[in-house]
Amino acid sequence: KLYVLDEPLHEEAPPVGAPRAKRDAYSKHFNDVVEVSCIMLATMTVELQKQHENMVAFNMIEHLKTLYQEQARHERFDVSKALFQTKEGSPVGPHVLKVIGYVENLERLG
């Protein structure tokens, strides 16, 4: 059902006279959108729920991307900066653990 995050739901349902396959496909997509949207809202904080309560899953994801993409970019920059500022001559054990932590953070942030 993750496809509903990548594909917006067509605004209008097919007319009653449309082929059954087309109506069934729309109905399935609509039901999947409702289900995923409800799951997304249930996992959000109250503040985010209020912002997204009138949106469907696709629109929620797009809005969340705009909210958090810039923050993730800054976090990636800060982690990269810390990684490149590691000092030569520090004890190897803690240094290696610190570098591994920085690399894992960068992987997590994309």
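Residue numbers for the sequence shown follow the working numbering, beginning at 2 and rising by one.
Positions of the beta carbon are idealized from the N, C-alpha and C atoms, including for glycine.
Cβ distance (whole Å) where residue i is taken to contact residue j below 8 angstroms
| i | j | result |
| --- | --- | --- |
| Ala58 | Val37 | 4 angstroms |
| Tyr69 | Leu84 | Not really, about 22 angstroms apart at Cβ, beyond 8 angstroms. |
Residue closest to residue i, alpha-carbon to alpha-carbon, out of the options
| i | options | result |
| --- | --- | --- |
| Thr116 | Met61, Asn32, Asp33, Phe31 | As shown, the chain starts at 2 and ends at 111. That puts residue 116 outside it, with no answer to give. |
| Leu10 | Val17, Lys29, Lys88 | Lys29 |
| Leu6 | Val17, Arg21, Phe31 | Phe31 |
| Leu42 | Leu65, Tyr4, Lys88, Arg109 | Leu65 |
| Asn55 | Val35, Val17, Arg74 | Val35 |
Short Cβ contact (8 angstroms threshold) for residue i with residue j
| i | j | result |
| --- | --- | --- |
| Ser81 | Leu107 | yes |
| Asp25 | Lys2 | no |
7 angstroms Cβ shell around residue i - same chain, five flanking residues per side excluded
| i | result |
| --- | --- |
| Lys23 | Pro15 |
| His53 | Leu42, Met45, Met61, His64 |
Cut-off 8 angstroms between Cβ atoms - residues of its own chain near residue i, not counting five sequence neighbours on either side
| i | result |
| --- | --- |
| Pro95 | none |
Own chain partners of residue i with C-beta closer than 6 angstroms, once the 5 adjacent residues on each side are dropped
| i | result |
| --- | --- |
| Phe78 | none |
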